[in-house]
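Enquirer: Have a look at this one.
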Ligand code: SF4
Ligand code: SF4
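And the structure:
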């Protein structure tokens with residue numbers, strides 16, 4: 103770990119009011135400043151890796167709200183993630199971590215097959231029965247938690263359904279490679295279908311390589327830097343085989359990771375080039391706002407937007423999604439209070455740290471309720487999963503949509 107990054111913290115405390123775990127606990131050890139100090143003391147050999155210390159570090163969501171607020175460029179979330187990776191490289195992956203991060207996640211076919219029993223569970227009516235009877239309350243809590251977060255699964259993954267090349271509508275303005283995130287393909291396939299449709303309608307030929315693999319974000323989250331680097335090399339080589347203007351994704355978490363390939367694979371010639379081409383879908387659509395306007399028809403709804411951490415804090419994208427929503431005629435845009443505060447999802451955090459995750463989610467739901475919106479929009483699968491469950495439990499009248507789904511729905515009205 104780069105020691106300079108640790109000593110850059112001047113302990114001003116400007117990050118504190120932005121840190122979700124500090125806001126919940128008011129503990130210095132659960133704040134960005136405190137986490138940086140703990141890692142520094144560990145590096146300097148003044149502290150040991152006690153269970154308690156590791157617990158404070160593991161409470162970090164890696165939301166990077168602290169990095170957005172810090173005047174010195176300190177990124178406590180990233181430092182905690184780097185520390186976890188270094189620790190894991192010493193201890194090695196556990197059996198389950200190895201199974202998930204190495205044997206399952208990097209293989210799209212295996213991931214797709216692993217969902218078959220869940221699909222059967224939903225379609226056979228067993229899920230309804232299990233939920234009605236509360237059977238899962240008798241099993242370990244994480245299982246009940248995961249089941250509760252599971253939304254209805256599409257019959258097939260989008261990767262299996264989609265053509266590798268979707269032609270441009272009308273005159274071709276360019277070619278883009280589409281990075282189809284695992285969760286988008288497996289669960290939120292309608293949103294990614296809408297993304298491809300929008301790109302094609304704006305004149306892009308969309309190439310979705312079938313052999314692309316997970317971006318590696320789960321590996322990073324699990325401290326498996328070697329696994330992340332393997333994923334990065336595979337994706338760089340695959341997309342390098344196509345002559346594309348941009349590599350587009352509609353998954354905030356994937357976009358943030360893909361943009362860091364150049365950093366992770368320092369010295370690998372094509373990595374910087376690959377990362378420089380990566381764009382969040384909102385960035386590409388915003389380039390063609392005028393053309394998009396001609397495709398959109400009124401949608402008389404009040405809409406608000408939740409900034410995914412991986413889009414706002416990690417990629418610095420805040421304006422484009424809002425500007426795109428405001429293009430839709432008839433739509434009333436209502437800004438969400440603390441829209442860029444984490445929703446508590448953070449990968450598997452909502453399963454690993456259910457109590458803290460629920461407290462953070464509750465703050466988000468309270469602001470959504472206060473906004474008076476009929477539709478909540480966001481652009482990251484983790485947020486979609488977390489907010490879907492939260493809205494279903496507390497605000498069932500509010501629809502949750504991906505940004506591209508709202509734009510596509512407005513386009514559909516146009517066709518009527
Ligand atoms: S991390 Fe940044 S904002 Fe927080 S105390 Fe240190 S210098 Fe200040
Ligand atoms: S990444 Fe998020 S949770 Fe972690 S220290 Fe920074 S603001 Fe707090």
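Residue numbers (our numbering): 103 to 518.
Ideal placement from N, C-alpha and C gives every residue a C-beta, glycine not left out.
As the structure is a prediction and not an experimental result, all values here were calculated from the model.
(1) Per DSSP, what kind of secondary structure is residue 517 in: helix, strand or coil?
(2) For residue 390 and residue 294, what's the separation of their Cα atoms in angstroms?
(3) Can you list, in chain order, the residues of its chain with a C-beta nearer than 7 angstroms to that of residue 516? Leave out the 5 residues immediately preceding and following it.
(4) Would you say residue 122 touches ligand 1, meaning its beta carbon is less than 7 angstroms from a heavy atom?
(5) Could you give the distance in angstroms between the alpha-carbon of residue 518 and the alpha-carbon of residue 402?
(6) Relative to the C-alpha of residue 258, which residue among 459, 343, 221, 497 is closest?
(7) Mind checking who residue 306 pairs with in its DSSP beta bridge?
(8) Can you tell me which residues form a DSSP beta bridge with residue 435?
(9) Count the other CB atoms, across all protein chains shown, that sit within 10 Å of the CB of residue 109; report buried if there are 16 or more and exposed otherwise.
(10) Between the stretch 277-287 and the stretch 348-357, can you find at least three pairs of beta-carbon atoms closer than 8 angstroms?
(11) Are residue 210 and residue 315 touching if we call contact CB-CB under 8 angstroms?
(12) Check each candidate in 215, 415, 502 and name the one with the smallest Cα separation from residue 262.
(13) In terms of alpha-carbon separation, which member of 135, 186, 498, 479 lies closest to residue 325?
(14) From the DSSP output, which residues share a beta bridge with residue 267?
(15) In the stretch 414-481, which residue ranges form an unbroken beta strand (DSSP E) of at least 3 residues, counting only runs that do not cross its ends?
(16) Hey, could you find the ends of the beta strand (DSSP E) residue 503 is sitting in?
(17) Check this for me: beta carbons of residue 55 and residue 505, under 8 angstroms apart or not?
(18) So, is residue 365 buried or exposed, given that buried needs 16 or more other C-beta atoms within 10 angstroms?
(19) State buried or exposed for residue 160, treating a residue as buried only when at least 16 other CB atoms are found within 10 Å of its CB.
(20) Between residue 376 and the rest of its own chain, which residues show a CB-CB distance below 6 angstroms, the 5 nearest in sequence each way excluded?
Expert: Let me spell this out:
(1) Residue placement at residue 517 is flagged as unreliable, the pLDDT there being 40, under the threshold of 50; the coordinate-derived value follows with that caveat. Residue state, collapsed to three classes: helix.
(2) Distance between the alpha carbons of residue 390 and residue 294: 19 angstroms.
(3) In this prediction, residue 516 scores a pLDDT of 47, lower than 50, which makes its location untrustworthy; no coordinate-derived value is stated.
(4) A distance criterion of 7 angstroms places the beta-carbon of residue 122 beyond contact range of ligand 1, judged by its closest non-hydrogen atom.
(5) Bear in mind that the predicted position of residue 518 carries a pLDDT of just 41, short of 50, making it unreliable; the figure below should be weighed with that in mind. Computed Cα separation, rounded: 15 angstroms.
(6) Out of 459, 343, 221, 497, 221 has the C-alpha closest to the C-alpha of residue 258.
(7) As computed with DSSP, residue 306 is found in a beta bridge with 276.
(8) Among the bridge pairs identified by DSSP, residue 435 is matched with 405.
(9) So residue 109 counts as exposed.
(10) Short answer: they touch.
(11) Yes, the Cβ-Cβ distance between residue 210 and residue 315 is below 8 angstroms.
(12) When C-alpha distances from residue 262 are compared across 215, 415, 502, the shortest belongs to 215.
(13) Minimum Cα distance to residue 325 is reached at 186.
(14) Answer by DSSP bridge pairing, in chain order: 309.
(15) Residue ranges of uninterrupted beta strand (DSSP E) with 3 or more members, entirely inside the stretch 414-481 and ordered along the chain, are 477-480.
(16) Start and end: 501-504.
(17) Absent from the model: residue 55. The displayed extent of the chain is 103 to 518, so no value can be given.
(18) Under this definition residue 365 is an exposed residue.
(19) So residue 160 counts as exposed.
(20) For residue 376, the CB contacts under 6 angstroms within the same chain, skipping 5 residues up- and downstream, are 338, 363 in chain order.
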